[in-house]
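Mapping to the UniProt record's numbering: the sequence shown position 164 is 164, numbers consecutive.
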Amino acid sequence: MPPPQLSPAIQTISNVRLHSHSPNPTTYDLTLSNEQTVSSIAPHLHTTTSPNKSHPPLTLPALTHPHIHLDKAYIYNSTPIHPQTGSFQEALTLTTQAKSTFTEPDLHRRGEWLLSESILNGVTALRAFIEIDTTVHHKCLTTAIHLKHSWRNHCHIQLVAFAQDPLFSGPQAQENRDLMHSAFTDHGDEIDVIGVTPYVEADLETAKRNIQWAITTAWQLDKHVDFHLDYHLDPNKGPLVWYVLDCLRAVGWTKSRTKKRVMLGHCTRFTLFGGDDWDRLRKEIGSGDLALPVSFVGLPTSDLYMASPPPPSSSSSSSSSGCGSCSDPKENGGVRDTVRGTLKVPELIRRYGLDVVLSVNNVGNAFTPWGSVDPVALACLGVGVYQAGTVEDAELLYECVSTRARAAIGLEEETGAQEECGGGCLGSAE
Numbered sequence: 001m002p003p004p005q006l007s008p009a010i011q012t013i014s015n016v017r018l019h020s021h022s023p024n025p026t027t028y029d030l031t032l033s034n035e036q037t038v039s040s041i042a043p044h045l046h047t048t049t050s051p052n053k054s055h056p057p058l059t060l061p062a063l064t065h066p067h068i069h070l071d072k073a074y075i076y077n078s079t080p081i082h083p084q085t086g087s088f089q090e091a092l093t094l095t096t097q098a099k100s101t102f103t104e105p106d107l108h109r110r111g112e113w114l115l116s117e118s119i120l121n122g123v124t125a126l127r128a129f130i131e132i133d134t135t136v137h138h139k140c141l142t143t144a145i146h147l148k149h150s151w152r153n154h155c156h157i158q159l160v161a162f163a164q165d166p167l168f169s170g171p172q173a174q175e176n177r178d179l180m181h182s183a184f185t186d187h188g189d190e191i192d193v194i195g196v197t198p199y200v201e202a203d204l205e206t207a208k209r210n211i212q213w214a215i216t217t218a219w220q221l222d223k224h225v226d227f228h229l230d231y232h233l234d235p236n237k238g239p240l241v242w243y244v245l246d247c248l249r250a251v252g253w254t255k256s257r258t259k260k261r262v263m264l265g266h267c268t269r270f271t272l273f274g275g276d277d278w279d280r281l282r283k284e285i286g287s288g289d290l291a292l293p294v295s296f297v298g299l300p301t302s303d304l305y306m307a308s309p310p311p312p313s314s315s316s317s318s319s320s321s322g323c324g325s326c327s328d329p330k331e332n333g334g335v336r337d338t339v340r341g342t343l344k345v346p347e348l349i350r351r352y353g354l355d356v357v358l359s360v361n362n363v364g365n366a367f368t369p370w371g372s373v374d375p376v377a378l379a380c381l382g383v384g385v386y387q388a389g390t391v392e393d394a395e396l397l398y399e400c401v402s403t404r405a406r407a408a409i410g411l412e413e414e415t416g417a418q419e420e421c422g423g424g425c426l427g428s429a430e
């Protein structure tokens, strides 16, 4: 089945309300540039031929995926590999099996499907994770680069050179690192972000080496850095976020020295934090020009499926900080433990002043075999997950998949007409 087809470029949007002026009855006409950004906004002159005359729709800021896996999307449409236990280790194993069958046409087809579905849902910018390892080498990366160029007039794509597999433990660690470095050498201009997964390393020492390598390499190459971090609910495993912040300070990664940003994803271990931990986190990130440019991204569709406490018999001394659901949740016997963890996004923004956003993460694979590509559906899920049902909650959740998400991945807010629409406009229902 071919991906959804995009309509011809729209050049004007007439007789609409602006989200920033929503109480104002005045409506406006928007003119779009060839790059599909807002070039001008003018008051609408009411005529008998004006569209939307009776009920002018509201324009909203365009949507953003601040964390989504491009190469692993819709694997279920291509392979007969489906989860049985729902564990993290199973998802890694099944995905590695699927990756061994990846071809460039398959990657291109599934990537186009994800991009077209995203754009049809109002997404104009995304940070796309692309895996580099001994299974796929640079196959996913070269396909993603082609997609980045062929879709550049429709959406802004940040590419993450992503190490899902260990870089400092196991027999393939050195080759995985070599593949990452050769990607920077061969395709450095196309790579925007360095991404790693410290919790897949064998122990705490190698997890810390993973973190230090990512920060040092990203700083030297002037790239953003993005961590899958602290993806567990084990109170016996200390969070690695403190080491990340120490390493950032060690290289001087502050807002006054660089425009490149740091993103921490999942972080489900933080749900075990007390008030003192949150206060410490806020203080260690800092404020003003000397602050560390750190954002957090909640990934609830994945977290609610996978982030569960370890079984009582598990030992936390055997691994560094791997996902708490690496064990089979069905092995506990009796009724399945339904405790789950995901970042409490609205509370962390309001109570602690942290920069936190939301993202879809995975679509149609063993890490997230449910959910959709629609960021608005994700924001709606947040109403229930966070018990956030007020008008102010709705506005904040929408920001977390639009303007806040865009800023968190380092896309500067444009001025003038662009600022009115938060990097682009999305027409909403009436």
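For glycine and all other residues, C-beta sits at the position ideal for the given N, C-alpha and C.
Exercise. Taking Glu131 as part of the beta strand (DSSP E), name the residues at either end of that continuous run.
Key: Within the sequence shown, numbered from 1, the residue matching residue 131 stands at position 131. From DSSP, the beta strand (DSSP E) with Glu131 extends over 123-131.
Quiz item: On the premise that Cys400 lies in contact with Leu343, defined as a C-beta separation below 8 Å, what is that separation, rounded to the nearest angstrom?
Solution: As a position in the sequence shown, residue 343 is number 343, starting the count at 1. As a position in the sequence shown, residue 400 is number 400, starting the count at 1. Between Cys400 and Leu343 the Cβ distance is about 11 Å, and since that is not below 8 Å, they are no contact.
Quiz item: Beta-carbon separation of Glu90 and Ala394 under 9 Å?
Solution: On the sequence shown, residue 90 is found 90 positions in, with the first residue counted as 1. On the sequence shown, residue 394 is found 394 positions in, with the first residue counted as 1. It is not a contact, given that the beta carbons lie outside the stated cut-off.
Practice problem: Please list, in chain order, all residues of the same chain as Val200 whose beta carbon is under 6 Å from its beta carbon, the five residues on each side excluded. | Solution: Here residue 200 refers to the residue found at position 200 of the sequence shown. Answer for Val200: Pro166, listed in chain order.
Exercise. Pick helix, strand or coil for His19, following the three-state DSSP scheme.
Key: On the sequence shown, residue 19 is found 19 positions in, with the first residue counted as 1. In this structure, His19 counts as helix in the three-state DSSP scheme.
Self-check item: Nearest-angstrom Cα separation, counted from Pro43 out to Val345
Solution: Taking the sequence shown and counting its residues from 1, one reaches residue 345 at position 345. Taking the sequence shown and counting its residues from 1, one reaches residue 43 at position 43. Rounded to whole angstroms, Val345 to Pro43 spans 36 Å at the Cα level.
Self-check item: Per-residue burial, Trp370 [other beta carbons within 10 Å of its own, 16 or more giving buried]
Solution: Here residue 370 corresponds to residue number 370 of the sequence shown, with the count starting at 1. It counts as exposed.
Quiz item: Just the Cα atoms here: how many angstroms apart are Glu392 and Gln172?
Solution: What you label residue 392 is simply residue 392 of the sequence shown in a count that begins at 1. What you label residue 172 is simply residue 172 of the sequence shown in a count that begins at 1. Going from the Cα of Glu392 to the Cα of Gln172 covers about 49 Å.
Quiz item: Do Thr64 and Ser402 come within 9 Å of each other at the CB atom, strictly closer than that value?
Solution: What you label residue 402 is simply residue 402 of the sequence shown in a count that begins at 1. What you label residue 64 is simply residue 64 of the sequence shown in a count that begins at 1. Yes; because the gap between Cβ atoms is below 9 Å, this pair is in contact.
Quiz prompt | Reduced DSSP category for Ile81 - H, G, I as helix; E, B as strand; rest coil | solution = In the sequence shown, residue 81 corresponds to position 81, counting from 1. Three-state DSSP puts Ile81 in coil, outside helix and strand.
Exercise. From the DSSP output, read off the bridge partner residues of Gln158.
Key: In the sequence shown, residue 158 corresponds to position 158, counting from 1. Answer is Arg127, bridged to Gln158.
Exercise. With Thr31 as the anchor, note down where its beta strand (DSSP E) starts and where it stops.
Key: For the purposes of this step, residue 31 is taken as residue 31 along the sequence shown, with counting starting at 1. 28-32 is the extent of the beta strand (DSSP E) around Thr31.
Quiz item: Which residues does DSSP pair with Met196 in a beta bridge?
Solution: Taking the first residue of the sequence shown as position 1, residue 196 is located at position 196. Reading off the sequence shown, one finds Val at residue 196, where the question assumed Met. Answer by DSSP bridge pairing, in chain order: Ala163, Phe227.
Quiz item: Excluding five sequence neighbours on each side, which residues of the same chain lie with their C-beta closer than 8 Å to the C-beta of Val136?
Solution: As a first step, residue 136 is located in the sequence shown; it is residue number 136 there, counting from the start. These residues qualify, in order along the chain: Asp71, Lys99, Phe102.
Quiz item: When DSSP builds the beta bridges, which residues end up paired with Thr368?
Solution: For the purposes of this step, residue 368 is taken as residue 368 along the sequence shown, with counting starting at 1. Beta-bridge pairing links Thr368 to Asn365.
Quiz item: Can at least three beta-carbon pairs, one atom from the stretch 251-269 and one from the stretch 374-384, be found at a separation below 8 Å?
Solution: no
Quiz item: The alpha helix (DSSP H) with Gly111 in it runs from where to where?
Solution: Taking the first residue of the sequence shown as 1, we reach residue 111 at position 111. Here the alpha helix (DSSP H) through Gly111 covers 104-120.
Self-check item: Residues bridged to Phe296 [DSSP beta-bridge criterion]
Solution: To locate residue 296, count along the sequence shown from 1; it is residue 296. Beta-bridge pairing links Phe296 to Leu264, Val356.
Quiz prompt | Straight-line Cα distance separating Leu290 from Glu205 | solution = Within the sequence shown, numbered from 1, the residue matching residue 205 stands at position 205. Within the sequence shown, numbered from 1, the residue matching residue 290 stands at position 290. Computed Cα separation, rounded: 28 Å.
Quiz item: Under 8 Å from any heavy atom of the ligand FMN, does the C-beta of Leu304 make it?
Solution: Ligands in the displayed structure: none, and consequently the ligand FMN is not present.
Quiz item: Mapping DSSP to helix, strand and coil, what is Ala42?
Solution: In the sequence shown, counting from the first residue as 1, residue 42 sits at position 42. Ala42: strand per DSSP, three-state reduction.
Quiz item: Just the Cα atoms here: how many angstroms apart are Gln212 and Val251?
Solution: Taking the sequence shown and counting its residues from 1, the one referred to as residue 212 is at position 212. Taking the sequence shown and counting its residues from 1, the one referred to as residue 251 is at position 251. Distance between the alpha carbons of Gln212 and Val251 is about 10 Å.
Quiz item: For Ala59, which of helix, strand or coil comes out of DSSP?
Solution: Position 59 of the sequence shown holds residue 59. At residue 59 the sequence reads Thr, which differs from the Ala that was named. Note: Thr59 maps to strand in three-state DSSP.
Quiz prompt | Among Pro300, Ala307, Asp355, the one whose alpha carbon lies nearest that of Ala379 | solution = Your numbering for residue 379 matches position 379 in the sequence shown. Among Pro300, Ala307, Asp355, the Cα nearest to that of Ala379 is on Pro300.
Quiz prompt | Local conformation of Thr96 per DSSP, three classes | solution = Counted from its first residue, the sequence shown places residue 96 at position 96. If DSSP states are grouped into helix, strand and coil, Thr96 belongs with the helices.
Exercise. From the DSSP output, in three-state form, read off His232 for me.
Key: Your numbering for residue 232 matches position 232 in the sequence shown. Here His232 sits in coil by DSSP.
Quiz item: Any contact of the stretch 154-165 with the stretch 188-198, i.e. 3+ C-beta pairs under 8 Å?
Solution: yes
Quiz item: Can you name the start and end residues of the alpha helix (DSSP H) that His149 belongs to?
Solution: For the purposes of this step, residue 149 is identified with residue 149 of the sequence shown, where counting begins at 1. Segment 139-150, the alpha helix (DSSP H) holding His149.
Quiz prompt | Top-ranked residue by Cα proximity to Leu6, from His149, Arg209, Leu229, Trp113 | solution = Reading the sequence shown from its first residue, position 6 is the one you call residue 6. Selected option, being the one with the closest Cα: Trp113.
Quiz item: Leaving out the 5 sequence neighbours to the left and right, which residues in its chain are closer than 8 Å to Ala183 when beta-carbon positions are compared?
Solution: The residue labelled residue 183 in the question sits at position 183 within the sequence shown. Within the same chain, Ala183 has close Cβ partners Ile132, His138, Leu141, Ala161, Ile191.
Quiz item: Alpha carbon to alpha carbon, how far is Gln384 from Asn361?
Solution: Taking the sequence shown and counting its residues from 1, the one referred to as residue 384 is at position 384. Taking the sequence shown and counting its residues from 1, the one referred to as residue 361 is at position 361. A quick correction: the sequence has Gly, not Gln, at residue 384. Straight-line Cα distance between these residues: approximately 19 Å.
Practice problem: Throw me the rounded Cβ distance for the Pro198 and Leu240 pair, which I believe falls under 8 Å. | Solution: Position 198 of the sequence shown holds residue 198. Position 240 of the sequence shown holds residue 240. The Cβ separation is near 6 Å, so the contact holds.
Exercise. Can you give me the start and stop residues for the alpha helix (DSSP H) that Leu245 sits inside?
Key: Within the sequence shown, the letter at position 245 stands for residue 245. Leu245 -> alpha helix (DSSP H) spans 241-251.
Quiz item: Are the CB atoms of Ala125 and Ser169 nearer to each other than 9 Å?
Solution: Locating residue 125 in the sequence shown gives position 125, counting from the first residue. Locating residue 169 in the sequence shown gives position 169, counting from the first residue. Their beta carbons are not under 9 Å apart, which means Ala125 does not touch Ser169 by this criterion.
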